[in-house]
Amino acid sequence: MAMTVHVDIVSAEAEIYSGLAELVLAPASEGEVGILPRHAPFLSQLKPGTVHLKLSGDHEESFYVSGGMLEVQPHVVTILADTAVRAHDIDEAAAVEAKTRAEKLLSDSNAAFDYTRAQVELAEAMAQLQTLQRFRSKIRK
Amino acid sequence: MASGKEIRTKIASIKSTQKITRAMEMVAASKMRRAQDRMRKSRPYANKIRKVIGHLAHAHPEYRHTYMIPRDNVKRVGVIIVSSDRGLCGGLNSNLFKATLNKMKEWRNQNIDIQLCTIGNKASAFFKRFGGNITAQAAQLGDTPQLEDLIGTVKVMLDDYQAGKIDQLFVIYNHFINTMSQAPQVQQLLPIQAEELDDKLKHHWDYLYEPEAQTVLDGLLMRYVESLVYQAVVENLACEQAARMVAMKSASDNAGDIIGDLQLAYNKARQASITQELSEIVAGAAAV
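Protein sequence lines, in the order shown, are assigned to chains A and B. Using the working numbering, read the first sequence as starting at 1 and increasing by one per residue. Using the working numbering, read the second sequence as starting at 142 and increasing by one per residue.
This is the structure in structure tokens:
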């Protein structure tokens, strides 16, 4: 029987595959790599592409990954697949956006702040109404 | 005593409130199940990446990443606070903020500056009012938070860490214990604390990197921090739904109690008025 290596393919939002394989083909950033059991420790980024697994008994499995990381230990191969499209400038844009949101939050006085103040005012008005009602019912008696 | 009609309108209004709270309870229950599912599904990734980081910490790379080196002199910390977007979930958010304020007080006493990053409307509103240095914010993640929504927020903090503006990074969120109990939890993200490993890997070794160590480690560690924050968000969502379900259940129960009391008062008032009417009729007949 051929040697096998344990393969785990996971993404942040779900577990995709976990099992034994005889050969793993993955789209590493510098080109396709083939990993056999007892490969030396190896760490690489993945490009978008297909991961092929050769399972025992001539079975094959393929998974599409949109990038991620590949870790190889002699008996374990771990593929951390990305769920989001990653690129330096996209990340940068997202960071800028998060910052502007925070700035807007701090400068914008009629967004969330007014909401909480309105809640307080509403509570006050309710309390006043209640006292008024109690007062009225007392007078009626 | 209030008249019959008044009590009847009160009962009707409480009944309609009860209908709303009961509906919210059921919605929260079904959302909670889905949120718990999502929490479970995101766990393998977090476990795997933690394992890889553990290996990495015990390898002897030619390049040590800044995220992995503890700094001796901590002058400023970054805190990512994960809260819910909406209220009506019991004391979930206020407990979280209380824990956060306690932690912040501790830091203040040690003369450490604090820089905040808020996720969720409640945290943004609270720390805006309370007065905190908010540098990044994300809200309206909805019931299915995506990793993409968090990348920007996390990157702001990571960039600040790399630039030396902050020396430690924490995330504060509600930890899901079970449906009835959730507890605020403070977790350190940076510098990365590696787990202890089995002896097998203790000898001298290093990875082969492709393309080169720095790029690979950058990508890996960034994903690691993001996955931890993502997990915090997903867990907090499950907590929110569970807390809302429990809060709405007790609201419905309370409404039921009040309706019972009012019904009793109404019956008494009705009986009293009938008795009075009867005695008036009898007295009137006797007078004729």
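Even glycine gets a Cβ: it sits at the ideal position worked out from N, Cα and C. These numbers come from a predicted model, not from an experiment.
- Counted as a single uninterrupted DSSP element, the alpha helix (DSSP H) harbouring residue 295(B) occupies residues 288-303.
- In summary, the residues of the segment 363-376 of chain B whose CB is separated from some CB of chain A by less than 7 Å are 364, 368, 371, in the order they occur in the chain.
- In this structure the segment 388-406 of chain B lies against the segment 142-162 of chain B, because at least three pairs of beta carbons, one per stretch, are closer than 8 Å.
- A contact between stretches requires three or more CB pairs, one per stretch, nearer than 8 Å, and the segment 43-56 of chain A fails this requirement with the segment 90-98 of chain A.
- Around the beta carbon of residue 205(B), fewer than 16 other beta carbons sit within 10 angstroms, so the residue counts as exposed.
- Against chain A, the beta carbon of residue 146(B) has no neighbour under 7 Å; the closest one sits roughly 13 Å away.
- For the segment 47-81 of chain A, the continuous beta strand (DSSP E) assignments of 3+ residues that do not extend past its boundaries occur at 60-73, 76-81, in sequence order.
- Note on residue 376(B): 16 or more other CB atoms within 10 angstroms of its CB, so buried under the neighbour-count rule.
- The residue from 59(A), 92(A), 24(A), 67(A) with its alpha-carbon nearest to that of residue 75(A) is 24(A).
- In the three-state reduction of the DSSP assignment, residue 39(A) falls in the coil class.
- Taking 8 Å as the CB threshold, residue 41(A) lines the interface with chain B.
- One Cα belongs to residue 121(A), the other to residue 127(A), and the distance between them is close to 10 Å.
- In this structure, the CA atom of residue 135(A) is about 16 Å from the CA atom of residue 147(B).
- Among the CB atoms of chain B, none fall inside 8 Å of the CB of residue 56(A).
- Counting the other Cβ atoms within 10 Å of the Cβ of residue 89(A) gives fewer than 16, which makes it exposed.
- DSSP links residue 316(B) through a beta bridge to 324(B).
- Judged by their CB atoms, residue 79(A) and residue 67(A) are not nearer to each other than the 8 Å cut-off.
- The alpha-carbon of residue 171(B) is positioned some 13 Å away from that of residue 179(B).
- C-alpha of residue 71(A) to C-alpha of residue 77(A): approximately 6 Å in a straight line.
- Using a CB distance below 8 Å, the part of the segment 287-302 of chain B facing chain A consists of 287, 288, 289, 292, 293, 294, 296, 297, 300, ordered along the chain.
- The alpha-carbon separation between residue 36(A) and residue 161(B) amounts to approximately 60 Å.
- Chain A places a beta carbon closer than 8 Å to that of residue 350(B), counting this residue as a contact.
- Rounded to the nearest whole angstrom, the C-alpha separation of residue 13(A) and residue 312(B) is 20 Å.
- One finds nothing in chain A with a Cβ atom closer than 8 Å to the Cβ of residue 224(B); even the nearest lies about 12 Å away.
- For residue 222(B), the enclosing beta strand (DSSP E) starts and ends at 217-223.
- Taking a C-beta distance under 8 Å as the contact criterion, residue 309(B) and residue 187(B) do not qualify as a contact pair.
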